[in-house]
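Visitor: Chains as they are written, first to last, in the working numbering: chain A, 765 to 876; chain B, 57 to 170.
The C-beta atom is built at its ideal place from N, Cα and C for all residues, glycine as well.
Got a structure for you, written out below as structure tokens; questions coming shortly.
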């Protein structure tokens, strides 16, 4: 069974530029999560989807971050414009009606 | 407010020894406590998890001990191996209003010397 797929794995952009991350969850998983992981820290939830509905986006900085999950499968997280402080690893996870969350490899973003 | 406190921040163990990582939580509504293992450049991988209706769960060399009254749980790695060297995160969630939202500890960097 394929795991959570994320792309790109690495991204380097200049500040004020836009960037987008893509996630394909495990097949059949209805819940999708985007987490932010800063260096030396645990992941922090940005947004959670149940099917195509964002049910928890309280930690998403909505002035510059946006996300979508069309058709309840793949998801895209966007930052526009990026700031230096956005440099981090962006993790996608998925689960199927349980607490068990399975993470993808993440996208390491560097903003210069 | 840090809801899950993890210690130690780093741990060095000799091959064959026992690694012990501790976590304490504050929210009594938490009802699911997983441990994740993360290698450099990889995403966290679910290692083992426990619910508060049991005090211990063992899977191979990995054991979770859970103390509900003290609001603490710990990961024990028996016969630690160099391949266990990684960062370990405890986490907690509940099935209430914020269904399945994981709150993570800050992680423990484990080094197992050969």
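Starting from the beta carbon of residue 108(B), find every residue of chain D whose beta carbon is closer than 9 Å, and list them in chain order.
Guide: Given the protein chain composition of this structure (A and B), no chain D is represented.
Visitor: Taking residue 855(A) as the query, report the chain B residues whose CB atoms sit under 8 Å from its CB, ordered along the chain.
Guide: Those are 99 and 100, listed as they occur along chain B.
Visitor: Please state the DSSP three-state secondary structure of residue 803(A).
Guide: Residue state, collapsed to three classes: coil.
Visitor: To the nearest angstrom, how far is the alpha carbon of residue 114(B) from that of residue 794(A)?
Guide: The alpha-carbon atoms of residue 114(B) and residue 794(A) are separated by roughly 29 Å.
Visitor: Could you name the residues of the same chain whose beta carbon sits closer than 6 Å to that of residue 163(B), not counting the 5 residues immediately before and after it, in chain order?
Guide: Same-chain partners within the cutoff: 143 and 145.
Visitor: Below 8 Å CB to CB, which residues in the same chain sit around residue 127(B) once its five sequence neighbours on both sides are set aside?
Guide: Hits under 8 Å: 80, 81, 82 and 84.
Visitor: Given residue 156(B), which residues of its chain have a CB within under 6 Å of its CB, disregarding the five upstream and five downstream residues?
Guide: 149.
Visitor: Going by alpha carbons, who is nearest to residue 73(B) out of 160(B), 138(B) and 147(B)?
Guide: Out of 160(B), 138(B) and 147(B), 138(B) has the C-alpha closest to the C-alpha of residue 73(B).
Visitor: In the DSSP output, which residue or residues are listed as bridge partners for residue 143(B)?
Guide: DSSP lists 94(B) and 165(B) as partners of residue 143(B).
Visitor: Does any CB atom of chain A fall closer than 8 Å to the CB of residue 161(B)?
Guide: Residue 161(B) counts as touching chain A.
Visitor: Might you give, ordered along the chain, the residues of its own chain that have their beta carbon closer than 8 Å to the beta carbon of residue 814(A), omitting 5 neighbours on each side?
Guide: Taken in chain order, the residues that qualify are 794 and 795.
Visitor: Have a look at the DSSP bridge pairing and note the partners of residue 875(A).
Guide: According to DSSP, residue 875(A) bridges with 777(A).
Visitor: May I ask which residues mark the beginning and end of the beta strand (DSSP E) holding residue 815(A)?
Guide: Careful: residue 815(A) lies outside any beta strand (DSSP E) and carries neither H nor E.
Visitor: Go to residue 831(A), then tell me how far its beta strand (DSSP E) extends in each direction, as first and last residue.
Guide: Note, residue 831(A): beta strand (DSSP E), 829–832.
Visitor: Please classify residue 157(B): does DSSP put it in a helix, a strand, or coil?
Guide: Coil at residue 157(B), not helix or strand.
Visitor: Roughly how many whole angstroms lie between the Cα atoms of residue 131(B) and residue 781(A)?
Guide: Residue 131(B) and residue 781(A): Cα-Cα distance of roughly 42 Å.
Visitor: In three-state terms, what does DSSP make of residue 848(A)?
Guide: Three-state DSSP puts residue 848(A) in a helix.
Visitor: According to DSSP, is residue 114(B) part of a helix, a strand, or is it coil?
Guide: Strand at residue 114(B).
Visitor: Can you pull the chain B neighbours of residue 785(A), defined as C-beta to C-beta under 9 Å?
Guide: Ordered by position in chain B, no residue passes the 9 Å Cβ test against residue 785(A), which lies about 13 Å from the chain.
Visitor: Identify the contact partners of residue 833(A) in chain B, using a Cβ-Cβ distance below 9 Å as the criterion.
Guide: Near residue 833(A) there are no residues of chain B at all, since even the closest Cβ is about 16 Å away, more than 9 Å.
Visitor: Give me the residue from 789(A), 801(A), 770(A) and 865(A) with the minimum Cα distance to residue 849(A).
Guide: If we check each option's Cα against that of residue 849(A), 801(A) comes out closest.
Visitor: Just mark residue 772(A) as buried or exposed, buried being the case when its beta carbon has 16 or more other beta carbons within 10 Å.
Guide: It is exposed - the Cβ of residue 772(A) has fewer than 16 other Cβ atoms within 10 Å.
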